[in-house]
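Peer 1: Starting off with a structure, shown below.
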Amino acid sequence: MERKIVLLLLVFATLFIITGCKKKKDNSEGVDSIKIVSNIELGKKQYIEQLKKVSIDGTDDYLIITKKIKWEVPEHEDGATVSFAINIPYTLHVDGKDYSAQYCLNDCYGQNQGVDGNPKYVFEITNLTSNYETEILVNKK
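One gets our numbering by counting positions in the sequence shown from 1 and adding 23 to each.
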């Protein structure tokens, strides 16, 4: 009887070691790896801090997300399909003039995405996290 118990304990210990003690894999795409920048490189997706001026590399131009917004799925019944949009207000300061608009993230069919009228840049918000990080992409027009 004791042999069966010892054998059973060894099997459980082995299973625990194999499944529960594995080294955590590096999650380079996860939230832990988000790097907030203070200077935007054109043509590169980067995370910025909301409510702060973020300079556009090599210019006097800058961008500000003007309201603190996070990714939040609205309350819904279990099993229901949810579709929603998040409007993110921003201002691009270009050549001494402010251009303000709202970028619609997610379910924005038919809406103008970030049409702010600035003469130099195409602005996109590519991700928003539940911790207020905002991933953006700025390109020249």
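We treat Cβ as the ideally placed atom computed from N, Cα and C, and that holds for glycine.
Since this is a predicted model, take the numbers as computed values, not measurements.
(1) Check whether the Cβ atoms of K76 and Y85 sit closer than 8 angstroms, and answer yes or no.
(2) Is the CB-CB distance between L74 and V161 below 8 angstroms?
(3) Could you pull out every residue in the same chain whose Cβ sits closer than 8 angstroms to the Cβ of K164, ignoring the five residues on either side in sequence?
(4) Which residue or residues does DSSP assign as beta-bridge partners of A124?
(5) Spell out the partners DSSP gives F146 in its beta bridges.
(6) If we call anything under 8 angstroms between Cβ atoms a contact, is I87 one with I109?
(7) Taking only the alpha-carbon atoms, compute the straight-line gap between I63 and T152 and give it to the nearest angstrom.
(8) Enumerate in chain order the residues of its own chain whose CB-to-CB distance from W94 is below 6 angstroms, with the five nearest sequence positions on each side excluded.
(9) What residue from P112, D139, I111 has the CA that sits closest to Y122's CA?
Peer 2: On the basis of the coordinates in this document:
(1) yes
(2) no
(3) Answer for K164: P142, K143, Y144, V145, listed in chain order.
(4) Y113
(5) V161
(6) no
(7) Looking at the backbone, the Cα of I63 and that of T152 are separated by about 19 angstroms.
(8) L151, T152, S153
(9) D139
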